[in-house]
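K.L.:
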Amino acid sequence: MSEYDQPTPMRFALSRRQVVVGAACLAGAGIRATRSPAQTTPYRFRQGDFEITVLSDGHLVLPATIHGLDAPREEVHRLLQEAGLDPDQVKPATNPALIRTRSDLILLDTGSGANFQGTAGKLLDNLKAANIDPKSITKVVFTHAHPDHIWGTIGAGGALNFPNAAYYVSAAEWDFWMDPHLTTKLPEQMHVFVTGAQTNLAAVKDRVTMVKPGDDIVTGLSVLDSSGHTPGHISLVLAGSEGLLIPAGAITEPAVYFPHPEWQFAYDMDNGTAVANRKKLLDRAATDKMKMLGFHWPYPGLGLAERKGTGYQYVPAA
Ligand SMILES: [Zn+2]
728 MSEYDQPTPM RFALSRRQVV VGAACLAGAG IRATRSPAQT TPYRFRQGDF EITVLSDGHL
788 VLPATIHGLD APREEVHRLL QEAGLDPDQV KPATNPALIR TRSDLILLDT GSGANFQGTA
848 GKLLDNLKAA NIDPKSITKV VFTHAHPDHI WGTIGAGGAL NFPNAAYYVS AAEWDFWMDP
908 HLTTKLPEQM HVFVTGAQTN LAAVKDRVTM VKPGDDIVTG LSVLDSSGHT PGHISLVLAG
968 SEGLLIPAGA ITEPAVYFPH PEWQFAYDMD NGTAVANRKK LLDRAATDKM KMLGFHWPYP
1028 GLGLAERKGT GYQYVPAA
């Protein structure tokens, strides 16, 4: 029995499988893949008083075994295949969004930056191609502190990629990752996540505002509790017509977690809470007919949740 099979004193348990997946993911870090062409015409739409531009940070490459840890493998396999995806290797999109208000340009997550996976970290290129100056971004909201959401905060030498922005993160997320003893509580394979989170969060410490569920970033953009994926993970809701729900890491692969929100995802730190919040988000979206914008859904990731059987069906809306 390895040390990782021992129960941990933490309020979430990291399974051995999660550790293996984390390691597999990191093994992919640093591989420079062929650069995908810059995306010159990003998808734009209006939501109430807001204009949303969905950007691409590229995509990740991960083993499909991250999905449905507790599910029959052949079922996960079938769902991925039905969606036209490789049942062995998944390539989730990473789609940071920009929200333009009358006075602000708000970026939701900064992407992977240069040090995670070679297929990701393309946000700055794509901003440039779309003629958007990173200096014009006034606010950055972190949904959580995983690599693909915040490692793009700093560039080479530690300089901020979005130097004029105020930063927003949930207090619970900040406190979790900034714990100086966190590495002693997590297996070694996860230490790079901790170091990356601490480096990127520390870079904004003088300009960060801590938020909690129920707070508004600006009027009409509010913070929703969706912890479980990480201890302080937040989703966002944007006002206007039925509202737009932005679940971030709470709902990853739509082909898997719409029909089976109860299945476990390898990167959810607290499975019970993650599943409960995933179900809550999908129920709300289906009941209120709210559009959803998914960070990891096929670009641009705008869709609806329709009830189907005991779960939901993802219906792209772009
Ligand atoms: Zn995440």
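First residue of the sequence shown: 728, per the working numbering; consecutive thereafter. Just so you know, even glycine gets a beta-carbon here, dropped at the ideal spot from N, CA and C.
How should glutamine 808 be labelled, buried or exposed, when 16 other C-beta atoms within 10 angstroms of its C-beta is the threshold for buried?
P.N.:
Here residue 808 is taken as the residue at index 81 of the sequence shown, counted from 1. So glutamine 808 ends up on the exposed side.
K.L.:
Starting from lysine 939 and walking both ways along the alpha helix (DSSP H), at which residues does that stretch end?
P.N.:
On the sequence shown, position 212 is the one that residue 939 refers to. That residue, lysine 939, is in no alpha helix (DSSP H); it is neither H nor E in DSSP.
K.L.:
Is it buried or exposed for asparagine 1111, if we count other Cβ within 10 angstroms and need 16 for buried?
P.N.:
Any question about residue 1111 goes unanswered here, given that the chain covers just 728 to 1045.
K.L.:
Any residue with its C-beta under 7 Å from a non-hydrogen atom of ligand 1 counts. Can you list them all in chain order?
P.N.:
His871, His873, Asp875, His876, His956, Thr957, Gly976, Tyr994
K.L.:
Quick one: which unbroken alpha helix (DSSP H) runs of 4-plus residues sit fully inside the stretch 898–933? Chain order, please.
P.N.:
The stretch 898–933 contains, as complete alpha helix (DSSP H) runs of 4+ residues, the segments 898–904, 909–912, 918–929 (chain order).
K.L.:
Classify glycine 884: buried if its beta carbon has 16 or more other beta carbons within 10 angstroms, exposed otherwise.
P.N.:
Translated into the one-based positions of the sequence shown, residue 884 becomes position 157. Flag for glycine 884 reads exposed.
K.L.:
Whole angstroms is fine: what's the gap from alanine 857's alpha carbon to lysine 912's?
P.N.:
By one-based count along the sequence shown, residue 857 stands at place 130. By one-based count along the sequence shown, residue 912 stands at place 185. When rounded, the distance between both Cα atoms is 42 Å.
K.L.:
Excluding the 5 residues flanking serine 839 on each side, which residues of the same chain have their C-beta closer than 7 Å to its C-beta?
P.N.:
As a working mapping, residue 839 is identified with position 112 in the sequence shown. Cβ within range, chain order: Asp784, Thr821, Ala847, Gly848, Pro874, Asp875, Trp878, Gly879.
K.L.:
Start and end of the beta strand (DSSP E) containing tyrosine 1026?
P.N.:
In the sequence shown, residue 1026 corresponds to position 299, counting from 1. From DSSP, tyrosine 1026 is part of no beta strand (DSSP E); its letter is neither H nor E.
K.L.:
What is the DSSP secondary structure of arginine 829, counted as helix, strand or coil?
P.N.:
In the sequence shown, residue 829 corresponds to position 102, counting from 1. Coil at arginine 829, not helix or strand.
K.L.:
If you draw a straight line from the C-alpha of alanine 801 to the C-alpha of glycine 1038, how long is it?
P.N.:
As a working mapping, residue 801 is identified with position 74 in the sequence shown. As a working mapping, residue 1038 is identified with position 311 in the sequence shown. Reading off the sequence shown, one finds glutamate at residue 801, where the question assumed alanine. In a straight line, the C-alpha of glutamate 801 is about 18 Å away from that of glycine 1038.
K.L.:
Using DSSP bridges, identify the partner residues of tyrosine 895.
P.N.:
The residue labelled residue 895 in the question sits at position 168 within the sequence shown. Looking at the DSSP assignment, tyrosine 895 forms a beta bridge with Val868, Thr936.
K.L.:
Less than 6 Å between C-beta atoms, sequence neighbours within five positions excluded: which residues of the same chain meet that for alanine 1012?
P.N.:
Reading the sequence shown from its first residue, position 285 is the one you call residue 1012. Hits under 6 Å: Leu972, Met1019, Ala1032.
K.L.:
Taking DSSP as the reference, what is the three-state secondary structure of isoleucine 877?
P.N.:
By one-based count along the sequence shown, residue 877 stands at place 150. Isoleucine 877 falls in the helix class under three-state DSSP.
K.L.:
Below 8 Å on the Cβ atoms is my contact criterion, and I expect alanine 893 with threonine 936 to pass it. Report the Cβ-Cβ distance as a whole number of Å.
P.N.:
Within the sequence shown, residue 893 is the residue found at index 166, counting from 1. Within the sequence shown, residue 936 is the residue found at index 209, counting from 1. Indeed they touch by this definition, with Cβ atoms about 6 Å apart.
K.L.:
Determine, using beta-carbon pairs with one atom in the stretch 803–818 and one in the stretch 981–991, whether at least three such pairs fall under 8 Å.
P.N.:
yes
K.L.:
Runs of 4 residues minimum, wholly inside the stretch 776–856: which ones carry the alpha helix (DSSP H) assignment?
P.N.:
800–809, 850–856
K.L.:
Closer than 8 Å is the cut-off here; do at least three beta carbon pairs connect the stretch 996–1012 with the stretch 951–962?
P.N.:
yes
K.L.:
Quick check on this structure: which residue in Ala886, Leu825, Gly882 has the alpha carbon closest to the alpha carbon of isoleucine 859?
P.N.:
For the purposes of this step, residue 859 is taken as the residue at position 132 of the sequence shown. That would be Leu825, whose Cα lies nearest to the Cα of isoleucine 859.
K.L.:
When you compare the CB positions of valine 803 and histidine 794, do they come within less than 8 Å of one another, or not?
P.N.:
Looking up residue 803 in the sequence shown gives position 76. Looking up residue 794 in the sequence shown gives position 67. Against a cut-off of 8 Å, the Cβ pair of histidine 794 and valine 803 comes out as a contact.
K.L.:
Looking at C-alpha atoms only, which residue of Asp906, Arg934, Asp933 is the closest neighbour of threonine 922?
P.N.:
Counting from one through the sequence shown, the residue named residue 922 turns up at place 195. Comparing Cα positions, the closest option is Asp906.
K.L.:
When burial is assigned at 16 or more other CB atoms within 10 Å of the CB, is aspartate 836 buried or exposed?
P.N.:
For the purposes of this step, residue 836 is taken as residue 109 along the sequence shown, with counting starting at 1. Buried, because 16 or more other Cβ atoms sit within 10 Å of the Cβ of aspartate 836.
K.L.:
Can you tell me whether DSSP reads tyrosine 770 as helix, strand or coil?
P.N.:
Looking up residue 770 in the sequence shown gives position 43. Looking at tyrosine 770 - three-state DSSP - the assignment turns out to be strand.
K.L.:
How would you call glutamine 816, buried or exposed, if buried means at least 16 neighbouring beta carbons within 10 angstroms?
P.N.:
Taking the sequence shown and counting its residues from 1, the one referred to as residue 816 is at position 89. With fewer than 16 other Cβ atoms within 10 Å, it is exposed.
K.L.:
Compute the beta-carbon to beta-carbon distance between serine 968 and valine 938, rounded to the nearest angstrom, for a pair I have assumed lies under 8 Å.
P.N.:
Translated into the one-based positions of the sequence shown, residue 968 becomes position 241. Translated into the one-based positions of the sequence shown, residue 938 becomes position 211. Approximately 24 Å separates the beta-carbon atoms of serine 968 and valine 938; this is outside 8 Å, ruling out the contact.
K.L.:
Find the nearest neighbour of tryptophan 990 within the set Pro799, Phe777, Pro1043, judged by alpha-carbon distance.
P.N.:
Stepping through the sequence shown from its first residue, residue 990 is reached at position 263. Of the listed residues, the one whose Cα sits closest to tryptophan 990 is Pro799.
K.L.:
With distances taken from CA atoms, which of Thr828, Leu806, Phe992, Pro914 is nearest tyrosine 1041?
P.N.:
The residue you call residue 1041 lines up with position 314 of the sequence shown. Of all alpha-carbon atoms in Thr828, Leu806, Phe992, Pro914, the one lying nearest the alpha-carbon of tyrosine 1041 is that of Leu806.
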